[in-house]
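In the order they appear, the protein sequences are chains A and B. For the first sequence, full-length UniProt numbering begins at 1 and goes up steadily by one. For the second sequence, full-length UniProt numbering begins at 1 and goes up steadily by one.
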Amino acid sequence: MAKTDSSTDGRGRIDFLALLLEGRAFFGLVAIIIVFSFLSPNYFTVDNLLTMTSHVAIFGLLGLGMLLVILTGGIDLSVGSTLGLCGVMTGFFIHGIDLGPLGYTAYPSIWVVGLLVCGVGALVGLVNGVLVAYFKVPSFVATLGALYAVRGIALLITNGLTYNNLGGSEKLGNTGLDWLGFNRLLDIPVGVIIMAVVAIVLSITLNRTAFGRWLYATGGNARAARLSGVPTQFVTVMVFVLSGVCAAIAGLVLTSQLTSAGPTAGTTYELTAIATVVIGGAALAGGIGNVRGTLLGAFVIGFLSDGLVIVGVSNYWQMVFTGVVIVLAVLLNSIDTKKRRRPAKAGDKPSKPADSASDAKTPTATQTS
Amino acid sequence: MSVAAPDIDANPVLSARDVVKHYGGVQALKGVDFDIYPGTVTTLFGENGAGKSTLMKILSGVEQPTAGQLILDGAPVVFTSTVDARDRGISIIHQELSLSPNMSVADNIFMGREILRFGQVDYREQARQAAALMTELEEDIDPATPVGELRVGQQQIVEIARALSARSRILIMDEPTSALSAAEIEVLFKVIHDLTERGVAIVYISHHLEEALEITDYAVVLRDGAMTANEVRAHIDLAWIVRHMVGDHYDLGSPPDGYDFGDTALAVEGLSVADATKADRLAVENLDLSVAAGEIVCIYGLMGAGRTELLETLAGNTAARTGTIRLAGAEISHRSIAQRIAAGLCLVPEDRQRDGLVQTLSVGRNLSLASIPEFIKRLFVSNNTERGLVDDGIRDVHVKTDGPDAAIGSLSGGNQQKVVIGKMLATRPNVILLDEPSRGIDIGAKAEVFKLLAERARQGVAVVYSTSEVSECLSIAHRIIVMSRGRIVAEFGPDTTQEAIMAASGESA
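Okay, here's the thing in structure tokens:
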């Protein structure tokens, strides 16, 4: 009982290091804003902050979906490709669905287009999820396959070309896509609001619903969760479906922002999304992580890369900086994990003196026998 | 602890003197003296947690003693690692064999000590020596065979060959027979006999007491980290071992009485379960079992008897091949784990680290994990209801913790086990199955766990627990069932003896 500093969580004196680690993504963000504000007078302006936040929204949406998958101990490498496919499908639907045999071309209204595109994202996620949960394909492999296949489908649909003219027409009643990328509600870009809404919904889901409990338990120890009656396979399928839907929403927003739908949009975004989640303090092994951290991670990545652009750092240096930030974050993560594990290891404190120590094994030692 | 040493003329090849080992605050060994003589078999007896494994780890260089000394050939010695110990002639064969299944027999035998020729591995020489060792051990195994293709008994022979090729004078075997067939055990015993003839000292650990008695020359009994007895074979029998293993003041309670059993809570008929590793074998074979409400049934059996497979199938974690499972009359064979829990049947799994606890969750979240539906109000978690459920759980099973928000890893083994049991009790079961509920927890916690189960039985819960420690059979159980090779081979009342139970569990039955 001599060492109480590491074992008492949040009680007693405040551990400065622990505080720094807990809020590391936040402090990182503050540091980035301060540094770039010094370097460029244009950085810390309302306009620029809103522009940067619109960029953040894309990574934030992908990251939130990725967070769910990572919380269960999996990974989803297909989100970048899904984003690209969903952008292409947006253009495809706006340009009309040719119902061949009926001799009729359907032009769904923009709301229906949005729902259909989310359905496409969900379908990609469903395939991933079923492969992982029921066919026991490792998520890395299943979604790596999807990364290629889905990108290939996007390229096939347009034959490698890009959909332009996404405004729709009044006559067909399918205008309004620009609302997502250009409009503002209360001066806030719609894309940012969508990210916020998704974040709130997911946060409530994770913290207040049975599904949230199942998710954390599945990620922490799937076997124990299963034996406790948690439908772990359903949970696995659902996180991939939700990740696909998040990627679809991001695809809609990005397509609207760019006013075009290219089949190569979102290439390598899956890696940015993973970085977002990791910077946000989630453990790749599963079970640890939250929405707040992932949002902070998205802001760190977005504000850093835009800042580098604004101060005129070359593209190549941008990549170097981003890489360093990711590794630094994970480095801090592993320090954090070590700190947390330690009390567990020495945690077998006997309540009575040595005479009660009749058990030869510490909790950690029992696993080896 | 001074126990009179048996009368032995020879000088010990390896001795431990007053060896103490601490793990954190837990004292695993409390000053043990231990001698190993050339050309003999010394068996270590003791219950789980008595310190057998710790002592073996110290003798083989896996761990360093906190205090005390090892003496090799009369001179004090310190083993810095297992490699160091092996170079000095001490090898250990663990219960879980340490072979690479993808590599050949010869590769495995010389792993880490490859024979080199001009800087390259001399495969021909390795194969020649491996073949010579196999001839010596009278085993017809081609050194080029991948180890994964061998039977477990043959794999054990490969481990022994590895030890011999390293010129081991002392061979430590931890539960070597646990996965072997009767014929394979016979072969192993013959090999052990040959080895002792050549002057090799064997240290043998087994939970199978009768089997160990068959080959041992000396018996050493450990209890709670101290040596309680030390005697030559001629002077001991089963009763002697059990007496020293469990001690005189070893009370795990008695079957709760003064009430009548209710209706049949659980009825199993003709249940067969396929073996997970070998599809053509049955882990549980045509088994019938019926348990009444309020009754406590203990399932005793050796490792591989099919206890775990039986309980996991009842809980819904493994599918049955044939047979019916009825819970209060309703057939549940095709229901999911969650549905069975909702219907009032739950399992406390054997390995609490692997199957029982979610390490990333707090004590409270672990406790409430199996009863999430209980505190969901209109889609959302009701924190108050959950808190009440968790507080009840902590109180009911007497978990010693800083609070529901404490990390699960901060609890001792016994308290972690209570959390796993509490989690399942919180689902308010009618039938609770427990697979080795006392594994890896100390005697005090064991007694508490059994008391808890007795209380529940009194309230009308049917309790089924399995154990591999015979002393635990004669505690709270109204009925003791002995399993062997997937079948029930004997059934006893609480008035039976430990010897009778052990005899029934043997291979001959």
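Glycine is no exception: its CB is placed at the ideal position from the N, C-alpha and C atoms. Predicted model only: the values in this text are computed from it and were never measured.
- Its chain contains 128, 131 and 132 as the residues whose beta carbon lies nearer than 7 Å to that of residue 142(A), once the 5 sequence neighbours on both sides are disregarded; these appear in chain order.
- Here the C-alpha atom of residue 195(B) lies approximately 14 Å from the C-alpha atom of residue 186(B).
- Minimum Cα-Cα distance from residue 13(B) among the listed residues 168(B), 19(B), 111(B) and 164(B) corresponds to 168(B).
- Within the stretch 220-235 of chain A, 220, 221, 223, 224, 225, 226, 227, 228, 229, 230 and 231 place their CB atoms closer than 8 Å to a CB of chain B, listed in sequence order.
- Along the stretch 351-374 of chain B, going in chain order, the ones with a CB nearer than 9 Å to a CB of chain A are 351, 352, 353, 354, 355, 356, 357, 358, 359, 360, 361, 365, 366, 368, 369, 370, 371, 372 and 373.
- One Cα belongs to residue 254(B), the other to residue 497(B), and the distance between them is close to 14 Å.
- Checking the DSSP bridge columns, you'll see residue 298(B) partnered with 465(B) and 480(B).
- Here the C-alpha atom of residue 483(B) lies approximately 30 Å from the C-alpha atom of residue 147(B).
- Taking C-alpha positions only, residue 10(B) is separated from residue 181(B) by approximately 35 Å.
- Residue 281(B) and residue 288(B) do not touch by the CB rule: their CB atoms are close to 20 Å apart, not below 8 Å.
- Where residue 323(B) is concerned, the enclosing beta strand (DSSP E) starts and stops at 322-327.
- Only 204, 207, 208, 209, 210, 212, 213, 214, 216 and 217 from the stretch 191-217 of chain A bring a Cβ to less than 9 Å from some Cβ of chain B.
- Considering only 329(A), 293(A), 330(A) and 319(A), the residue with the shortest C-alpha distance to residue 203(A) is 293(A).
- Taking the Cβ atoms as the reference, residue 20(B) lies roughly 48 Å from residue 265(B), outside the contact range of under 8 Å.
- Going by DSSP, residue 347(B) is part of the beta strand (DSSP E) stretching over 345-348.
- Residues of the stretch 376-400 of chain B with a Cβ closer than 8 Å to any Cβ of chain A, in chain order: 376, 379, 380, 381 and 400.
- Here DSSP, grouped into helix, strand and coil, assigns residue 130(A) to helix.
- The C-beta of residue 334(B) has fewer than 16 other C-beta atoms within 10 Å across all chains shown, which makes the residue exposed.
- DSSP lists 203(B) and 218(B) as the bridge partner or partners of residue 42(B).
- In this structure, the alpha-carbon of residue 476(B) lies about 25 Å from that of residue 269(B).
- Residue 288(A) belongs to the set of residues whose beta carbon lies under 8 Å from a beta carbon in chain B.
- Secondary structure at residue 23(B): strand, using DSSP grouped into helix, strand and coil.
- Interface residue (Cβ-Cβ distance to chain A less than 8 Å): residue 430(B) is not classified as such.
- Residue pairing for residue 230(B): DSSP places it in a beta bridge opposite 220(B).
- The count of Cβ pairs closer than 8 Å, one atom from the stretch 78-98 of chain A and one from the stretch 147-157 of chain A, reaches three, so the stretches are in contact.
- Residue environment: residue 52(A) is assigned as buried (16 or more neighbouring CB atoms within 10 Å of its CB, all protein chains considered).
- Two segments are said to touch when three or more pairs of C-beta atoms, one from each, lie closer than 8 Å; by this definition the stretch 279-296 of chain A touches the stretch 201-220 of chain A.
- Runs of the alpha helix (DSSP H) spanning 4 or more residues and lying entirely within the stretch 98-171 of chain B occur at 105-109, 123-136 and 152-165, in chain order.
- Look at residue 332(B): its C-beta is not under 8 Å from any C-beta on chain A.
- Using a Cβ distance threshold of 8 Å, residue 343(B) and residue 367(B) do not count as a contacting pair.
- Taking a 10 Å sphere around the C-beta of residue 134(B), we find 16 or more other C-beta atoms and assign the residue as buried.
- Between the alpha carbons of residue 118(A) and residue 255(A) lies a gap of roughly 13 Å.
- In the structure shown, the three-state DSSP call for residue 70(A) is helix.
- The C-beta of residue 317(B) comes closer than 8 Å to at least one C-beta of chain A.
- Just measuring C-alpha positions, the residue of 18(B), 415(B), 365(B) and 500(B) sitting nearest residue 71(B) is 18(B).
- Here residue 232(A) is buried: its Cβ has 16 or more other Cβ atoms, across all protein chains shown, within 10 Å.
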